[in-house]
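Participant: If you're matching positions, the sequence shown starts at 1 in UniProt numbering and goes up one per residue.
Input: one structure, supplied below.
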Amino acid sequence: MIMEVPLSARAVTCGVAAALAVLSLSACTNAHPAARRPAATRPDATGGPLAIGVAPGTRAKPASCQSPPRRSDQFHARRVTAGWRKVTPDSPSGFFSQGNVSADGSLLTVQDPGGIGEVRRLTGDTLEPVPTPWPGKSLGLAAGGERLWVLTGAGQQKYGLGSRQAGTWYGGPLTPASGGADVDGRGPWVMAGDRTMRWDGRAWRQAPLPDFGASLTGTARAPWVVLDEDARAPLAQWTGRAWRLVRVPGVKGKWVQLSAVAPTRPGEFWALGMVTWDEDDAELEPLARSRLLALRWKAGRWSCLFGPTDEEGNARFTDAVHDGRGGLWAVTHDGELWHLTDGRWTRERPREARHVMNPDMVREEITELAASEDGRHVYALGRAVWRLGR
């Protein structure tokens, strides 16, 4: 059996610091079962570092943004008729997530019925299972060319990274030294803790993050990482050679929390999320408040857009992707799909999308988005899958 050397968030297990994730024989791979594969199949080549260190961070220009009056809505989003079509039935108990879209428009996603993630491929209107040989919950997907990588969790803080090419599976453990480290995948990128790796077509290349990551966002060509809430800055950007911290303007008396970054035009990016704060009620008990926030980065400077205050404290953008035409799509906390095009915002709710209740909270039917690298194919994922009609 051929196994992958463990990936560590702080250091690589057994001291192999240069090989962040190598598909080769190792005595350190007993933490996660490996898949059998034919002896004739060669393992992935051992790759060197993509970047040894991190790039200098950026300063936020301006350093802060002024929050407008609480009822002010700077988006002025116009309601339009939905251009989305539901292409799968509702998932019986969980949600679709972790979408990766190929150039031909097919979607790879994790369906989570009953708390066990299962990989699915959607081609046209046909949803098919993609069996994986590892036990446990599928946590994330990454796809590059004909390759598919599946991040799995077998419980007790054990993770695996499985790879499939030409229908053959092989793999081994993915072992962050910190059990609480987040793992994620997007395109040819995989993130675990404060490390990333990228498949360059022949081998894995590693690059350290300036802090612990929470999720991968952006595109394969222009990737970003939303960093952990305790990080020194909310974002990290790939410069083409290394990751660098990106600071954003602060908002006096409020916390800025970002969920996603969408590249739009050359040198232009949008970071979306919310600002949140507490206000005391008549009995001096804190009540959460929030408002939608979109930050536009152009030529090294930020500009800020705020939505009206949500007195329940739920308002936020939860995900965003580029539309391939200089704009972006975003989804909000209440499952609405927003579109930015030619400087104007619109909002729509696809047919058959509704509020979904569970015993603990209200979860919207749509929770995240996925787009192909060229932006021609866009999906909305949640209780079901919707496809955008052009």
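Positions of the beta carbon are idealized from the N, C-alpha and C atoms, including for glycine.
If we ignore side chains and look at the alpha-carbon of each, how far apart do W189 and A236 end up?
Facilitator: On the sequence shown, residue 189 is found 189 positions in, with the first residue counted as 1. On the sequence shown, residue 236 is found 236 positions in, with the first residue counted as 1. Whole-angstrom Cα-Cα distance: 14 angstroms.
Participant: Could you give the DSSP three-state label for G375: helix, strand or coil?
Facilitator: Here residue 375 corresponds to residue number 375 of the sequence shown, with the count starting at 1. Reduced to three states, the DSSP call for G375 is coil.
Participant: Expressed to the nearest angstrom, what Euclidean distance is found between the alpha-carbon atoms of M191 and M197?
Facilitator: Working through the sequence shown from its first residue, we reach residue 191 at position 191. Working through the sequence shown from its first residue, we reach residue 197 at position 197. Looking at the two C-alpha atoms, the distance is approximately 7 angstroms.
Participant: Which residues does DSSP pair with H322 in a beta bridge?
Facilitator: Residue 322 sits at position 322 when you count from the first residue of the sequence shown. DSSP output for H322 lists L328 as bridge partner(s).
Participant: Within 10 angstroms of the Cβ of E312, are there 16 or more other Cβ atoms? Answer buried if so, exposed if not.
Facilitator: Locating residue 312 in the sequence shown gives position 312, counting from the first residue. Exposed, by the Cβ-count rule.
Participant: Helix, strand or coil: how does DSSP classify P223 here?
Facilitator: The residue you call residue 223 lines up with position 223 of the sequence shown. Strand at P223.
Participant: What is the residue span of the beta strand (DSSP E) that Q66 lies within?
Facilitator: By one-based count along the sequence shown, residue 66 stands at place 66. That residue, Q66, is in no beta strand (DSSP E); it is neither H nor E in DSSP.
Participant: Please determine, among Q74, A371 and L381, the residue with the shortest C-alpha to C-alpha distance to D104.
Facilitator: As a first step, residue 104 must be located in the sequence shown, where it is residue number 104. Nearest option by C-alpha distance: A371.
Participant: What is the DSSP secondary structure of residue 416, counted as helix, strand or coil?
Facilitator: Because the chain in this structure spans residues 1 to 390, residue 416 falls outside the shown range and cannot be described.
Participant: Between which two residues does the beta strand (DSSP E) containing P286 stretch?
Facilitator: Sequence index remark: in the sequence shown, residue 286 carries index 286 (1-based). Unbroken beta strand (DSSP E) run through P286: P286 to K298.
Participant: Go ahead and pull the three-state DSSP assignment for L272.
Facilitator: As a working note, residue 272 is residue 272 in the sequence shown. Correct three-state label for L272: strand.
Participant: Does G250 come out as helix, strand or coil in the three-state DSSP assignment?
Facilitator: One-based indexing of the sequence shown puts residue 250 at position 250. Of the three classes helix, strand and coil, the one that applies to G250 here is strand, per DSSP.
Participant: Just grab the DSSP bridge partners of R390 for me.
Facilitator: Here residue 390 refers to the residue found at position 390 when the sequence shown is read from its first residue. Answer by DSSP bridge pairing: none, since R390 is not bridged.
Participant: With DSSP as the reference, label A236 as helix, strand or coil.
Facilitator: Indexing the sequence shown from 1 puts residue 236 at position 236. Here A236 sits in strand by DSSP.
Participant: Report yes if the C-beta distance between L122 and L139 is below 8 angstroms; otherwise report no.
Facilitator: One-based indexing of the sequence shown puts residue 122 at position 122. One-based indexing of the sequence shown puts residue 139 at position 139. Result no, Cβ atoms of L122 and L139 do not sit closer than 8 angstroms.
Participant: Excluding the five sequence neighbours on either side, which residues of its own chain have a C-beta within less than 6 angstroms of the C-beta of V87, listed in chain order?
Facilitator: What you label residue 87 is simply residue 87 of the sequence shown in a count that begins at 1. Answer for V87: D125, V385 and R387, listed in chain order.
Participant: In the DSSP output, what is S93 paired with across the bridge?
Facilitator: The residue you call residue 93 lines up with position 93 of the sequence shown. Note: S93 sits in no beta bridge, so no partner.
Participant: Inspect the beta-carbon positions of S97 and T81 and report whether they are closer than 8 angstroms.
Facilitator: By 1-based counting over the sequence shown, the position of residue 97 is 97. By 1-based counting over the sequence shown, the position of residue 81 is 81. Not closer than 8 angstroms, so no.
Participant: What does the alpha-carbon distance come out to for the pair D342 and G327?
Facilitator: Looking up residue 342 in the sequence shown gives position 342. Looking up residue 327 in the sequence shown gives position 327. Approximately 7 angstroms between the Cα atoms of the pair.
Participant: Helix or strand or just coil, what does DSSP make of G187?
Facilitator: Taking the first residue of the sequence shown as 1, we reach residue 187 at position 187. It is coil, neither helix nor strand.
Participant: From the DSSP output, read off the bridge partner residues of T58.
Facilitator: Translated into the one-based positions of the sequence shown, residue 58 becomes position 58. In the DSSP output, where bridge partners are listed per residue, T58 has V246.
Participant: Applying the criterion that 16 or more other CB atoms from any shown protein chain within 10 Å of the CB defines a buried residue, is S303 buried or exposed?
Facilitator: To locate residue 303, count along the sequence shown from 1; it is residue 303. With fewer than 16 other Cβ atoms within 10 Å, it is exposed.
Participant: Within the same chain, show all residues whose beta-carbon is closer than 7 angstroms to that of K61, passing over the 5 residues directly before and after it, in chain order.
Facilitator: Residue numbering aside, residue 61 sits at position 61 when the sequence shown is read from its first letter. Excluding sequence neighbours, K61 sits near G300, R301 and W302.
Participant: To the nearest angstrom, report how far apart L141 and P68 are at their CA atoms.
Facilitator: Within the sequence shown, the letter at position 141 stands for residue 141. Within the sequence shown, the letter at position 68 stands for residue 68. Rounded to whole angstroms, L141 to P68 spans 39 angstroms at the Cα level.
Participant: Candidates L151, E128, R186 and L50: which alpha carbon is nearest V101's?
Facilitator: As a first step, residue 101 must be located in the sequence shown, where it is residue number 101. When each option's Cα is compared against that of V101, the closest is R186.
Participant: How would you label R211, buried or exposed, when you count the other beta carbons within 10 angstroms and need 16 or more for buried?
Facilitator: As a first step, residue 211 must be located in the sequence shown, where it is residue number 211. Note that residue 211 is Asp in the sequence shown here, rather than Arg. Buried, by the Cβ-count rule.
Participant: How many Å lie between R59 and L295 at the Cα?
Facilitator: Position 59 of the sequence shown holds residue 59. Position 295 of the sequence shown holds residue 295. Rounded to whole angstroms, the gap between the alpha carbons of R59 and L295 is 15 angstroms.
Participant: What does the Cβ neighbour count give for D194, buried or exposed, with the cut at 16 atoms within 10 Å?
Facilitator: If you number the sequence shown from 1, residue 194 lands on position 194. It counts as buried.
Participant: Quick one, which of T367, D334 and R205 has its alpha-carbon nearest R241's?
Facilitator: Here residue 241 refers to the residue found at position 241 of the sequence shown. The shortest C-alpha separation from R241 is found at R205.
Participant: Which residue or residues does DSSP assign as beta-bridge partners of E348?
Facilitator: Counting from one through the sequence shown, the residue named residue 348 turns up at place 348. Looking at the DSSP assignment, E348 forms a beta bridge with L337.
Participant: Tell me where the beta strand (DSSP E) around T132 begins and ends.
Facilitator: For the purposes of this step, residue 132 is taken as the residue at position 132 of the sequence shown. No beta strand (DSSP E) contains T132, which DSSP labels as neither H nor E.
Participant: Secondary structure at E118, three-state DSSP: helix, strand or coil?
Facilitator: Position 118 of the sequence shown, counted from the first residue, corresponds to residue 118. Strand.
Participant: Starting from R301, follow the beta strand (DSSP E) in both directions and report where the run begins and ends.
Facilitator: Within the sequence shown, the letter at position 301 stands for residue 301. Unbroken beta strand (DSSP E) run through R301: R301 to F306.
Participant: Is it buried or exposed, G389, if we count other Cβ atoms within 10 angstroms and call 16 or more buried?
Facilitator: One-based indexing of the sequence shown puts residue 389 at position 389. G389 comes out exposed.
Participant: State yes or no: is the C-beta of S290 within less than 8 angstroms of the C-beta of L272?
Facilitator: Here residue 290 is taken as the residue at index 290 of the sequence shown, counted from 1. Here residue 272 is taken as the residue at index 272 of the sequence shown, counted from 1. No, they are not a contact pair.
Participant: Which of the three DSSP states, helix, strand or coil, is assigned to L107?
Facilitator: If you number the sequence shown from 1, residue 107 lands on position 107. Reduced to three states, the DSSP call for L107 is strand.
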